[in-house]
Amino acid sequence: MQIRVVSSREEIFTLNPNERIVHLAFRPSNKDIFGLVETCPKIEVVQLPKSYMATISKSIEMFLQMQRVKLLEGDVWGHRKDINEYYAIPSSAIEKIKEMKIEGKTAEEIKKKISRERKLNPEMITYILNKEISA
Numbered sequence: 320m321q322i323r324v325v326s327s328r329e330e331i332f333t334l335n336p337n338e339r340i341v342h343l344a345f346r347p348s349n350k351d352i353f354g355l356v357e358t359c360p361k362i363e364v365v366q367l368p369k370s371y372m373a374t375i376s377k378s379i380e381m382f383l384q385m386q387r388v389k390l391l392e393g394d395v396w397g398h399r400k401d402i403n404e405y406y407a408i409p410s411s412a413i414e415k416i417k418e419m420k421i422e423g424k425t426a427e428e429i430k431k432k433i434s435r436e437r438k439l440n441p442e443m444i445t446y447i448l449n450k451e452i453s454a
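Numbering-wise, our numbering comes out as the position in the sequence shown, counting from 1, plus 319.
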């Protein structure tokens, strides 16, 4: 599973229309979010750093909800955009999530363990649980 890291508003309009998960590494305006959804009609998740989440307007939250796009808080730990524009969630982390689910662990137990071990935020783990496990 890959997260497309976008570091500037100019980059939004150059994205592949098939992007599904995007991390915005800048403080987006309403216009930036509208542009992102327009450029990437298949988008499922917009991830923002914690410090930027507080600045997102309620109207944008409602817009994303209506578009069935999840707004998640989180970071892409240790990612270097100059090397790769995608942050890859390790397949080992996804396998560990699946394994724990099969073992009968609760979502809370899985989120706590994986977020501590793999530095993934709990909301992204919930998304993976719902997306990967049901697929």
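Backbone N, C-alpha and C define an ideal beta-carbon position, used for all residues, glycine too.
The residues V364, in chain order, have a CB closer than 6 Å to that of K389 in the same chain once the five nearest residues on each side in sequence are set aside. In the three-state DSSP reduction, R323 falls in the strand class (E or B).
By the neighbour-count definition (other C-beta atoms within 10 Å, threshold 16), G423 is an exposed residue.
Put simply, of K432, P409, S410, I408 the residue whose alpha carbon is nearest the alpha carbon of M419 is K432. Taking C-alpha positions only, L439 is separated from Q321 by approximately 13 Å. By the criterion of at least three beta-carbon pairs nearer than 8 Å, the region 341-356 is in contact with the region 380-389.
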